[in-house]
Amino acid sequence: MNQSPDTLIAVNRDTVTEVHGDEGMVVNMSTFDYIELDRVGIAMWQALLDGGSANSALDILLARFEVDRSTLETDLNEFIIQLTAVGLIDAEPQPDRYEAKPTAAPTAIDLYLDLLIRTVSGLTIRDNRKGMTYVSPFHLGHRIHGRDIPEEAFTMIGLLRLNNVRALAERALVDAVPGDFIETGVWRGGATILMRGILAAHQVTDRRVWVADSFEGLPTPDLARFPADDYWSPLAGWLNVSLEDVRANFDSLQLLDDQVVFLKGWFSESLPTAPIEQIALLRLDGDLYESTMDSLTNLYPKVSPGGYVIIDDYNLDSCKLAVDEFREKNAITAPLQIIDWAGVWWQVPSE
Ligand SMILES: C[S@@+](CC[C@H](N)C(=O)[O-])C[C@H]1O[C@@H](n2cnc3c(N)ncnc32)[C@H](O)[C@@H]1O
Numbered sequence: 257m258n259q260s261p262d263t264l265i266a267v268n269r270d271t272v273t274e275v276h277g278d279e280g281m282v283v284n285m286s287t288f289d290y291i292e293l294d295r296v297g298i299a300m301w302q303a304l305l306d307g308g309s310a311n312s313a314l315d316i317l318l319a320r321f322e323v324d325r326s327t328l329e330t331d332l333n334e335f336i337i338q339l340t341a342v343g344l345i346d347a348e349p350q351p352d353r354y355e356a357k358p359t360a361a362p363t364a365i366d367l368y369l370d371l372l373i374r375t376v377s378g379l380t381i382r383d384n385r386k387g388m389t390y391v392s393p394f395h396l397g398h399r400i401h402g403r404d405i406p407e408e409a410f411t412m413i414g415l416l417r418l419n420n421v422r423a424l425a426e427r428a429l430v431d432a433v434p435g436d437f438i439e440t441g442v443w444r445g446g447a448t449i450l451m452r453g454i455l456a457a458h459q460v461t462d463r464r465v466w467v468a469d470s471f472e473g474l475p476t477p478d479l480a481r482f483p484a485d486d487y488w489s490p491l492a493g494w495l496n497v498s499l500e501d502v503r504a505n506f507d508s509l510q511l512l513d514d515q516v517v518f519l520k521g522w523f524s525e526s527l528p529t530a531p532i533e534q535i536a537l538l539r540l541d542g543d544l545y546e547s548t549m550d551s552l553t554n555l556y557p558k559v560s561p562g563g564y565v566i567i568d569d570y571n572l573d574s575c576k577l578a579v580d581e582f583r584e585k586n587a588i589t590a591p592l593q594i595i596d597w598a599g600v601w602w603q604v605p606s607e
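Add 256 to the 1-based position in the sequence shown for our numbering, that's all there is to it.
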């Protein structure tokens, strides 16, 4: 029996566990923080769930493994500290100091938009991870962080960047920042479908969602003018999804109507004449230097004061160079906010 004071373990209601053989992860689905588990981590996590307290988990593990008690106790305590730090569990000394912490009940809008985000990202069908040349099992962490290319899902940008779209779109609505929402570079349309869903959820009928893409995949880089796009030369035509398929994706979620406007063509041709008046949320996901620069040059002047600019691909040299050059040339000093390993955003200053 244990002599040291026990620690009660309460699992956060947003915690999700994934295990595949000897690898797994526990994920906080409200923040998307997660801890990866190896074989020992899986055993410790299972023991905490089964035992409900640190001492019970220790007893379970000692009965199962031949291991030095004090080493295991140290490892288990460290594990509990890690889990607590990212909100996967609440760990409090028992018996009298523990009280379950009430969490705010989600609203109907939260439930709808969470479900929409899970749907467009392929979480609901546990869509396979498909790289450029391989398919491997669904990986929750990769979906959360948008590190893979899903087989069927409507977006590849992952839950963190989808939630960022929601957060900034809703801020624009609450703050009455005038203008439409637009994404340049939509692939299967998932991020723009979410934008339309956000308008629907908030019963906004006087804003539109612009869906801008070649619908023929990535362009052939113009290396004479844009040498930074060298990397993309072999990838011309990749990520080709037809306009009809993107329309069908909107339609499948009952979000296709006249508040959705498709802008088909290469950005250099479609954006200069696009009849867009004001933009509250500008999202760029065109990967290349040229695509990023064309989007910024043509659309940034239309972003309202207080509006938002999201850059999906700031991790890519080509995109980063275009963003950095554009910001410098236009003396944009609004700080870049980091979303995750790839995405950043900034707010256009209010006048
Ligand atoms: C990485 S994908 C976009 C991913 C998408 N935002 C999502 O939610 O999954 C890049 C898209 O940009 C489009 N694209 C890139 N450069 C373009 C350009 N210069 N003109 C038109 N479309 C372009 C491609 O056709 C492709 O659909």
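Beta carbons: idealized from backbone N, C-alpha and C, even for Gly. Owing to the predicted nature of the structure, the values given are computational and were not obtained by experimental measurement.
Our contact map puts residue i next to residue j with C-beta atoms below 8 Å; I'd like the distance itself, whole angstroms only.
| i | j | result |
| --- | --- | --- |
| Leu424 | Ile535 | Not confirmed; about 12 Å, so no contact. |
| Asp544 | Pro475 | One detail in the question is off: residue 544 reads as Leu in this sequence, not Asp. Contact flag correct, Cβ pair sits at about 7 Å. |
| Thr340 | Ser309 | Contact flag wrong, Cβ pair sits at about 14 Å. |
| Leu429 | His458 | 6 Å |
| Leu509 | Ile449 | 6 Å |
| Thr411 | Gly446 | 2 Å |
| Glu546 | Asp485 | 6 Å |
| Leu314 | Leu293 | The pair is not a contact, with the Cβ atoms about 18 Å apart (cut-off 8 Å). |
| Asn505 | Glu472 | Not confirmed; about 17 Å, so no contact. |
| Tyr603 | Ala587 | Note that residue 603 corresponds to Gln in the displayed sequence, not to Tyr. Their Cβ separation, rounded to whole angstroms, is 16 Å, which puts Gln603 and Ala587 out of contact at 8 Å. |
| Tyr290 | Val283 | 4 Å |
| Leu552 | Phe518 | Rounded, the Cβ-Cβ distance is 21 Å, inconsistent with contact. |
| Asp306 | Ile316 | 6 Å |
| Ile595 | Arg417 | 6 Å |
| Ser574 | Trp488 | 7 Å |
| Asp270 | Met285 | 4 Å |
| Ser526 | Gly562 | No, Ser526 and Gly562 are not in contact; Cβ-Cβ is about 26 Å, not under 8 Å. |
| Met451 | Val465 | 5 Å |
| Thr548 | Val579 | 6 Å |
Name the residue from the options whose alpha carbon lies nearest to the alpha carbon of residue i.
| i | options | result |
| --- | --- | --- |
| Ser312 | Asn333, Arg295, Asp294 | Asn333 |
| Asn554 | Leu540, Pro490, Gly562 | Leu540 |
| Arg382 | Leu371, Leu367, Arg399 | Arg399 |
| Thr440 | Asp550, Leu304, Ala578, Ser377 | Asp550 |
| Val272 | Phe410, Gln510, Ala530, Leu379 | Leu379 |
| Trp601 | Asn571, Tyr564, Ser574 | Tyr564 |
| Asn242 | His395, Glu292, Leu371 | Summary: the structure shown does not reach residue 242, with the chain confined to residues 257 through 607, and so no result is reported for it. |
| Ile337 | Arg417, Ser606, Leu304 | Leu304 |
| Gly542 | Val376, Thr589, Asp596, Val467 | Val467 |
| Arg320 | Gln302, Pro591, Arg427 | Gln302 |
| Leu537 | Tyr556, Leu527, Ala530 | Tyr556 |
| Trp443 | Pro483, Ser377, Arg481 | Ser377 |
| Val433 | Arg374, Val559, Asp366, Ala598 | Val559 |
| Ala492 | Asp501, Leu479, Val502 | Leu479 |
| Leu572 | Val323, Trp597, Glu584 | Trp597 |
| Glu533 | Val267, Phe437, Asp324 | Phe437 |
| Val275 | Gly414, Gly343, Glu322, Gly397 | Gly397 |
So the alpha helix (DSSP H) residue i belongs to, where does it begin and stop?
| i | result |
| --- | --- |
| Ile549 | Before going further, note that residue 549 is Met rather than Ile in the sequence given. Note, Met549: alpha helix (DSSP H), 545 to 555. |
| Arg583 | 573 to 585 |
| Arg399 | 396 to 401 |
| Ala536 | Segment 535 to 540 is the beta strand (DSSP E) holding Ala536; no alpha helix (DSSP H) there. |
| Val275 | That residue, Val275, is in no alpha helix (DSSP H); its beta strand (DSSP E) goes 271 to 276. |
| Ala457 | 446 to 457 |
| Leu415 | 414 to 430 |
| Tyr502 | Reading off the sequence, residue 502 comes out as Val, not Tyr. Where Val502 is concerned, the enclosing alpha helix (DSSP H) stretches over 499 to 508. |
| Glu525 | 523 to 526 |
Along the chain, where does the beta strand (DSSP E) containing residue i start, and where does it finish?
| i | result |
| --- | --- |
| Glu279 | 279 to 284 |
| Tyr290 | 290 to 293 |
| Ser560 | 559 to 567 |
| Glu439 | 436 to 440 |
| Ile265 | 263 to 267 |
| Val516 | 516 to 520 |
| Asp469 | 465 to 469 |
| Val600 | 600 to 603 |
Could you pull out every unbroken alpha helix (DSSP H) segment of at least 4 residues lying fully inside the segment 296 to 368, listed in chain order?
310 to 320, 325 to 341
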